[in-house]
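A quick write-up on the structure given underneath.
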Amino acid sequence: MNRRFWAVARVLIGLGILVVVLWRMGTGASLAALRSLDAATPAIALGIGLFTTVLSALRWRLVAGRLGLRLPLSAAVADYYRALFLNAALPGGVLGDVHRAVRHGKDSGDLGRGVRAVVLERTAGQVALIAVGGIALLADPALFRHGRGAPLGLLLLVAAAVLGAAVIALVAAARWGRYAARLRRALSAARTDLRLGLLARDTWPAVAGLSLAVLAGHLGMFLVAARVTGTRAPVGQLVPLFLLALLAMALPVNIGGWGPREGVLALAFSSAGLSAEHGLAVSVVYGVLAFVSSLPGAGVLLLRQARPRPAGTEFELQECVLPECEAAHRGP
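Going by numbering that gives the first Met the number 0, the first residue of the sequence shown is number 0, and it counts up by one from there.
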């Protein structure tokens, strides 16, 4: 009951943020930007999506291989596309990654290790985002030059508080929770995998390089969205704002990525002396382009559904009670 309550609460929070932002800012600029889309823009989105998905699949394959799991590149790309589509189409924004983790773990004969491989792969992307975002935001004070620094700083403090509370909750669950023993075993295995796999000297440089390239692809998608909306600000001024939006998308209170991203980008644009309405329009166009870029995953899903499935696979998501499943968040 508690898990179901929090799952619903996260979706409602994301929906509430989106509704408030659209109510305050209006939809005029966003609808005008969407009407201005031409046939070339979705094609560009599909190209960027192919670039980021293949590199993300390579990162996943590398991490899984270090953990002793076999993962052909073609299967990794197909499963990653399917996960992206499910993340974009379903509430919560993480069910695709959960499905990807459980499916690969079951196919490999080691559910726990399969889930941990996805968690480590996603963590690598988040670490790259936080590192680059932190450096860019500290190096560029433009966000705080136009009298809106206090609200933005408060927003960042709230985000830090949410992440800190999540860490405290994880530690508390490991000590006193219902699945404390299982969680402690999972954390111990994750530490071993992290030391011997992700942080190995012959692994982390490649993982870091792939993560930075994937991040560059996501920023490129934001830049395409900005140009579609008519935003002509310099790239150097826009990139820190887009990094903030990507950080907001990592918060587990969204609907397929929607919600916090719109609020943060509207506020960030206003803080940088740009139009908040343009910030919202950029976020909306990005959301549409990101969904378009995930559409090959729908084809993968339909092809997989057409094949006969072994008994029991229809319960993959329901059976995932390992703590690592909750950690399989979306993001770069």
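Heads up, the beta-carbon is just placed ideally off N, CA and C, and yes, glycines get one too. All values reported here derive from a predicted model rather than from experimental measurement.
8 Å or more divides the Cβ of residue 29 from the Cβ of residue 123.
About 7 Å separates the CB atoms of residue 237 and residue 222; that is less than 8 Å, so the two are in contact. A distance below 7 Å between beta-carbons, with the five flanking residues on each side excluded, links residue 287 to the following residues of its chain, in chain order: 33. In its chain, beyond the 5 residues on either side, 65 have a beta carbon closer than 8 Å to the beta carbon of residue 199. The beta-carbon distance between residue 279 and residue 261, rounded to whole angstroms, is 6 Å. This is short enough to meet the 8 Å contact definition. Per DSSP, the beta-bridge partners of residue 257 are 254.
DSSP places residue 193 in the helix class (H, G or I) of the three-state scheme.
Here residue 93 carries a coil assignment [DSSP, helix/strand/coil]. Taken through DSSP and simplified to helix, strand or coil, residue 262 comes out as helix.
DSSP places residue 198 in the coil class of the three-state scheme, outside both helix and strand. Taking residue 248 as the centre and dropping the five residues before and after it, the same chain places the C-beta of 256 and 260 closer than 6 Å to its C-beta, in chain order. Secondary structure of residue 30 (DSSP, three-state): helix. Only residues of its own chain outside the window of five on either side were considered, and among them 220, 221 and 224 have a CB closer than 7 Å to the CB of residue 285, listed in chain order. Within the same chain, 259 come within 6 Å of residue 250 by CB-CB distance, once the 5 residues on both sides are set aside. The three-state secondary structure of residue 296, taken from DSSP, is helix.
Distance from residue 246 to residue 128 at the Cβ level is roughly 6 Å; contact confirmed, criterion being Cβ atoms closer than 8 Å.
Looking at 52, 112 and 81, the one whose alpha-carbon comes closest to that of residue 67 is 112. Taken atom to atom, the span from the alpha-carbon of residue 136 to that of residue 108 is near 43 Å.
CA-CA distance, residue 190 to residue 74, rounds to 27 Å. For residue 68, there is no enclosing alpha helix (DSSP H), as DSSP gives it neither H nor E.
Under the three-state reduction of DSSP output, residue 233 falls in the coil class, being neither helix nor strand. If you draw a straight line from the Cα of residue 72 to the Cα of residue 46, it comes to about 18 Å. Membership of residue 228 in any alpha helix (DSSP H) is not indicated, and neither H nor E is assigned to it by DSSP. DSSP places residue 305 in the helix class (H, G or I) of the three-state scheme. 55 is the residue among 16, 55 and 41 whose C-alpha sits nearest the C-alpha of residue 216.
For residue 201, there are no CB contacts under 8 Å within the same chain when 5 residues up- and downstream are skipped. A distance below 7 Å between beta-carbons, with the five flanking residues on each side excluded, links residue 35 to the following residues of its chain, in chain order: 227.
Assigned with DSSP and collapsed to three states, residue 247 falls in helix. Residue 77 and residue 234 do not touch by the CB rule: their CB atoms are close to 33 Å apart, not below 8 Å.
Residue 22 counts as exposed, since fewer than 16 other C-beta atoms from the protein chains shown sit within 10 angstroms of its C-beta. Look at residue 36 here: in three-state DSSP terms it is coil, with no helix or strand label.
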